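Chains as they are written, first to last, in the numbering used here: chain X, 894 to 1377; chain B, 0 to 506; chain P, 1108 to 1206.
C-beta: ideal position from N, C-alpha, C; glycine also.
Keep in mind that this is a model prediction, so the values were computed, not measured.
Since the structure comes first, as structure tokens, the remarks are kept for the end.
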């Protein structure tokens, strides 16, 4: 029981923080970052627990599984919780200085901690209905955070974001209803065991995939993402692009490889992969054409999510060790993107503050004025292009490797084209850092904001590029794991 | 002395290659944070790192000579490991890099005396050398690819350094070429790895036991790799970036042309042919002849274009295009003597070309001379620099006893041995004539024509013809180029090493 | 025939639920105005809830399954709060003055 507490704490700490920050408004910022630090600590503890005491299953309030709220922590869930908690921690440190008025702090922190709660609860949810609740919580808090931008564009984006989120959730809820009607349970493990191949199962799978594809902005359902992610305040944009879409992706992985494993076919996986490929090409191209930095970052997220889906058709054909490696590489790619993209958005926030705008063509002076911020963008760019050392490089390596092993060489072409486009959009930005301005006196100009961004960027590049070997052993503790 | 070296060898242990890479990498990171005005601190750090690296390389040579095995392994993902090791070929390249880095650092400190963004410059400069040394010490293709990409990243800011519109454009072009090349190399390596497993460099190659049905794939992979590496080695028609990136400051050009970028490509081709495919297996696959033809074409093409350049740096750039392909030509001819010629030219071309670039930089920095047509009579005003330039140029033409003669001699012998004299000899002769045609007029102008007024003299002749930190580096490298030719048969000479490497390849 | 009359109402409810869901989906997609989109979403929600309630039916003499009921209650709470947030944002948008 002592170990199981870690599962509870990673959810209840941020929730507690959110409540305290609501009540005790003048100290919202302090409560916020303290709670983020503690949550990150608990997330490390959780991973340790899963490593040493195995998969944790927990029914809250003593209700039997199937009735109460059940939590389920295996290697994959623990890794995602850790990712989310670390990114949230980085953004929290940044947000302390980012918001200037007390009013902004009071609005931001409760919602922010609620977002963190929803993310962790989603990763640890043991039954499909809990997933629905956490998805809604996530959607509502994310949309409210987007609206903090307070400009008309931000409000419009927030509203669209909310509607799209609700639509996705409704599709998902309908799928749950069908599953419950057929199997009388909502527990993921129990459904996975009982699932049969029939039209009802197919309908449920397709509804869920459609709902989650909408939420993770998979091409061609990505239309809502660029405005929402580019109009929010910097730490919010960072979390939306790095984590919230990743949550939907995580659910797709869980459902695809565990719950619906008997139903999924290589054909369907290839359809998903093809959508992913189009997302890579279209997203990268749009990022290249984007005139604003935050828009560039948002389009690049569309592309990066495309890569993640491209792993699916290859995972369907590979077997044994090679499949485990590829699965780990996919998770690594997701982690790398989470850290890199949050760093990029935080850096963009600093540029935006100093320049007063984020039009790429006119950023030359500001990038030269902020060398460390530019360095963060460069590191994040390395991880987005997939250059060594970065988690994305390893992810792409295994993707290429799997494509050659299975003879599906067309993914190689997509990957090459996507990487070239990514190089182009990253260096279109970095080229501006060289100019005739005199060198600045100090490398740190906005240290309190630059250091968290730098930490995230270093994590995406050197951290995950050279030190990610343990990830595969962590994921070995992935539970029900239909073949994982 | 022996005692001391033994103690050092023991203390540094097996991880020595890692320390060699990190010695410049860590200092590079520190330099980024050095304040722009702290000239002395930055200079100290720079020189300290360069000297320490050279010493570490010395210890490495000593250790390898005494049978110590150096291997650093780091598993970064399942079935994927970084491996740094020291074999004869890596020693050759690592020594060259460490030595020329020290000289270039001194030169760069003098050259950039009053220019802005020196901390940024020297930071990336150090990273660039770390990447080169990492390439040299890479023990498998995975590690090689990672450092190859890292090199691109570290050199991009150096090319863009001046920040002018032209510099940024050149840097963009450089990136477009090298990243495309890097990506193709990556694809090829992953593909090869999926066929052949771990790609550790082994002399004599690792692929000859693969079944015959993989051979056509192996040919495609070879093609991809040569294209990927050929971009940096400036093989025609992949050389477009090189003349354009001449906008970079002179020390960068010197480093790019002599050790870092161009040489990384050539070194990679040598590695792939000798230590991955194995030269005999590559010949069996029939991939060496096309490579040789491309190299031969590049040699003649580069020399021909050099003839028409009035800009001194551009003329040198096209000369590089041509000269680097001697290495590749030597690699493409099957037979030990040609191999010796190719490998030894890796070193010889480096020291000769860096001398020429230093000298060109001195002319520009001291007298504002950028064009060949402005060089009349410069020999009297700057005798030592011009002497160094002369030695480098004569070496490039291949006049004994300069180092370049040794390379060409072995290449010629190799062609004879392999029975391809018929097409290699005309290439060598044509190229040497062209070399003479574009270098000798410069020497004639410099020494024998009366001086015109200098375009923009900013350093007055005092005790020496120019600033000391600019003067001594070319003098030193020119002496090295002379010594490498004169003492070619002495122990530890580049030729000796090249023969050792070759002997192991053809055992 | 007793079996038929026992099944039919449930079947009807499920069909009605799915029909509502489809109408709502259609409406969300079709309408440009956000208030209409929100109403459509609520129609969709009503469809799902109706289906869930129908699923809870276990036969004439058995008590209904409590789990779907709990789900519906939770779902309604979620839907109400989301709708509230959406309406607030719509009002802010109407009031916002900047371009």
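Collapsed DSSP secondary structure at residue 949 of chain X in the structure displayed: Taking the first residue of the first chain as position 1, residue 949 of chain X is located at position 56. DSSP places residue 949 of chain X in strand when its eight states are reduced to three.
So residue 260 of chain B and residue 150 of chain B are in contact, right, with Cβ under 8 Å, and what is the actual spacing, rounded? Mapped onto the second chain, residue 260 of chain B falls at position 261. Mapped onto the second chain, residue 150 of chain B falls at position 151. Yes, residue 260 of chain B and residue 150 of chain B are in contact; Cβ-Cβ is about 7 Å, under 8 Å.
Under the DSSP definition of a beta bridge, which residues are partnered with residue 1080 of chain X? Within the first chain, residue 1080 of chain X is the residue found at index 187, counting from 1. Answer by DSSP bridge pairing, in chain order: X:1020.
Residues near residue 1225 of chain X in its chain [Cβ-Cβ closer than 7 Å; skip 5 each side]: Translated into positions along the first chain, residue 1225 of chain X becomes position 332. Excluding residues up to 5 positions away in sequence, 1284, 1287, 1288, 1357, 1361, 1364 lie with their Cβ nearer than 7 Å to the Cβ of residue 1225 of chain X in the same chain.
Under 8 Å, Cβ to Cβ, is there at least one residue of chain X near residue 1128 of chain P? Position 21 of the third chain, counted from the start, is the residue given in the question as residue 1128 of chain P. So, interface residue.
Would the beta-carbon of residue 297 of chain B fall within 8 Å of that of residue 230 of chain B? The count along the second chain starts at 1 and reaches residue 297 of chain B at position 298. The count along the second chain starts at 1 and reaches residue 230 of chain B at position 231. Going by C-beta atoms, residue 297 of chain B is not nearer than 8 Å to residue 230 of chain B.
Neighbouring residues, chain P, relative to residue 1022 of chain X (Cβ below 7 Å): Here residue 1022 of chain X refers to the residue found at position 129 of the first chain. Result: 1178.
Under 8 Å, with one C-beta from each stretch per pair, do the region 1106-1116 of chain X and the region 942-957 of chain X reach the 3-pair mark? Contact between the region 1106-1116 of chain X and the region 942-957 of chain X is absent, with fewer than three C-beta pairs closer than 8 Å.
Given residue 1016 of chain X as reference, the closest of X:1352, X:904, X:1290 once Cα atoms are compared: For this step, residue 1016 of chain X is matched to residue 123 along the first chain. Comparing Cα positions, the closest option is X:904.
Under 9 Å by beta carbon: chain P residues contacting residue 1033 of chain X: In the first chain, residue 1033 of chain X corresponds to position 140, counting from 1. Correct list: 1185, 1188, 1189, 1192.
Among all the DSSP beta bridges, which residues are the ones paired with residue 70 of chain B? In the second chain, the residue the question calls residue 70 of chain B occupies position 71. Looking at the DSSP assignment, residue 70 of chain B forms a beta bridge with B:84.
Assuming residue 160 of chain B contacts residue 251 of chain B under a Cβ cut-off of 8 Å, what Cβ separation, rounded to an integer in Å, is found between them? Here residue 160 of chain B refers to the residue found at position 161 of the second chain. Here residue 251 of chain B refers to the residue found at position 252 of the second chain. In this structure residue 160 of chain B is in contact with residue 251 of chain B, their Cβ atoms being roughly 7 Å apart against a cut-off of 8 Å.
By DSSP, does residue 1280 of chain X sit in helix, in strand, or in coil? Stepping through the first chain from its first residue, residue 1280 of chain X is reached at position 387. Note: residue 1280 of chain X maps to coil in three-state DSSP.
What separation, rounded to the nearest whole angstrom, lies between the Cα atoms of residue 1260 of chain X and residue 1156 of chain X? On the first chain, residue 1260 of chain X is found 367 positions in, with the first residue counted as 1. On the first chain, residue 1156 of chain X is found 263 positions in, with the first residue counted as 1. Cα to Cα, the separation comes out at about 51 Å.
Closest residue to residue 1028 of chain X among X:1012, X:1347, X:1149 (Cα-Cα distance): Walking along the first chain from the start, residue 1028 of chain X turns up at place 135. Ranking the options by Cα distance to residue 1028 of chain X, first place goes to X:1012.
Give the single residue among B:54, B:318, B:220, B:350 whose Cα lies nearest to the Cα of residue 300 of chain B. Position 301 of the second chain holds residue 300 of chain B. When only C-alpha atoms are compared, the closest one is B:318.
Chain-ordered residues of the region 139-153 of chain B with a beta carbon less than 7 Å from chain X: Taking 7 Å as the Cβ-Cβ cut-off against chain X, the residues of the region 139-153 of chain B that qualify are 145, 148, 149, 152.
Under 8 Å by Cβ, that's how I've got residue 186 of chain B and residue 1211 of chain X pegged, so tell me the actual separation to the nearest angstrom. Translated into the one-based positions of the second chain, residue 186 of chain B becomes position 187. Translated into the one-based positions of the first chain, residue 1211 of chain X becomes position 318. A Cβ-Cβ distance of about 19 Å is found for the pair residue 186 of chain B and residue 1211 of chain X, leaving them out of contact under the 8 Å criterion.
Among residues of its own chain, excluding the 5 on either side of residue 1171 of chain X, which ones have a beta-carbon nearer than 6 Å to its beta-carbon? Sequence index remark: in the first chain, residue 1171 of chain X carries index 278 (1-based). Once the five neighbours on either side are set aside, the close Cβ partners of residue 1171 of chain X are 1112.
Name the residue from B:465, B:203, B:492, B:246 whose alpha carbon lies nearest to the alpha carbon of residue 279 of chain B. Taking the second chain and counting its residues from 1, one reaches residue 279 of chain B at position 280. Residue 279 of chain B has its Cα closest to that of B:203, out of B:465, B:203, B:492, B:246.
Spell out the partners DSSP gives residue 1010 of chain X in its beta bridges. The residue given as residue 1010 of chain X occupies position 117 in the first chain. Bridge partners of residue 1010 of chain X: none, in fact.
Pull the bridge partners of residue 79 of chain B from the DSSP assignment, please. Position 80 of the second chain, counting from 1, holds the residue named residue 79 of chain B. Paired residue(s): B:76.
If you compare alpha carbons, which of X:1173, X:1204, X:1188 is closest to residue 1150 of chain X? Here the question's residue 1150 of chain X lines up with position 257 in the first chain. Nearest to residue 1150 of chain X by alpha-carbon distance, out of X:1173, X:1204, X:1188, is X:1204.
Return the CA-CA distance between residue 1001 of chain X and residue 1126 of chain X, expressed in angstroms with no decimal places. To locate residue 1001 of chain X, count along the first chain from 1; it is residue 108. To locate residue 1126 of chain X, count along the first chain from 1; it is residue 233. Roughly 10 Å between the two C-alpha positions.
Suppose contacts are defined by Cβ-Cβ distances below 8 Å. Is residue 1199 of chain X in contact with residue 1221 of chain X by that definition? As a working mapping, residue 1199 of chain X is identified with position 306 in the first chain. As a working mapping, residue 1221 of chain X is identified with position 328 in the first chain. No.
For the region 1307-1332 of chain X, list every residue whose C-beta sits within 7 Å of some C-beta in chain B, in sequence order. Of all residues in the region 1307-1332 of chain X, 1309, 1312, 1313, 1316, 1320, 1324, 1327, 1328, 1329, 1331, 1332 have a Cβ within less than 7 Å of some Cβ in chain B.
Separation of residue 488 of chain B from residue 473 of chain B, as counted between CA atoms: Residue mapping note: residue 473 of chain B aligns to position 474 of the second chain, counting from 1. Residue mapping note: residue 488 of chain B aligns to position 489 of the second chain, counting from 1. Each residue's Cα considered, the two are about 24 Å apart.
From the DSSP secondary-structure annotation, give me the bridge partner or partners of residue 370 of chain B. Walking along the second chain from the start, residue 370 of chain B turns up at place 371. Residue 370 of chain B pairs with B:310.
Would you say residue 1101 of chain X reaches chain P, if we count a Cβ-Cβ gap shorter than 8 Å as a contact? As a working note, residue 1101 of chain X is residue 208 in the first chain. Cβ-Cβ to chain P under 8 Å: no for residue 1101 of chain X.
Leaving out five residues before and five after residue 414 of chain B in sequence, what residues of the same chain have Cβ atoms less than 7 Å from its Cβ? If you number the second chain from 1, residue 414 of chain B lands on position 415. The residues are 332, 337, 420, 423, 424.
With a CB to CB cut of under 8 Å and the five nearest residues on each side skipped, what residues in its chain are close to residue 1022 of chain X? What you label residue 1022 of chain X is simply residue 129 of the first chain in a count that begins at 1. Excluding positions up to five away in sequence, the list reads 1069, 1079.
Kindly list the residues whose CB is nearer than 6 Å to the CB of residue 975 of chain X, restricted to its own chain and excluding five residues on each side of it in sequence; keep chain order. Counting from one through the first chain, the residue named residue 975 of chain X turns up at place 82. For residue 975 of chain X, where only same-chain residues beyond five positions count, the Cβ hits under 6 Å are 936, 940.
Looking only at its own chain, which residues have a Cβ that is under 7 Å from the Cβ of residue 1299 of chain X, when we skip the five neighbours before and after it? Taking the first chain and counting its residues from 1, the one referred to as residue 1299 of chain X is at position 406. For residue 1299 of chain X, where only same-chain residues beyond five positions count, the Cβ hits under 7 Å are 1207, 1210, 1211.
Any idea what DSSP makes of residue 1341 of chain X, helix, strand or coil? As a first step, residue 1341 of chain X must be located in the first chain, where it is residue number 448. Secondary structure at residue 1341 of chain X: helix, using DSSP grouped into helix, strand and coil.
Any Cβ of chain B within less than 8 Å of the Cβ of residue 1223 of chain X? Within the first chain, the letter at position 330 stands for residue 1223 of chain X. Proximity of residue 1223 of chain X to chain B, defined by a Cβ-Cβ separation below 8 Å, is not satisfied.
Give the residues from the region 1036-1064 of chain X that approach chain P closer than 7 Å (Cβ to any Cβ), ordered along the chain. For the region 1036-1064 of chain X, the set of residues with a beta-carbon nearer than 7 Å to any beta-carbon of chain P comprises 1036, 1037, 1040, 1044, 1045, 1048, 1049, 1051, 1052, 1055, 1056, 1059, 1060, 1063, in chain order.
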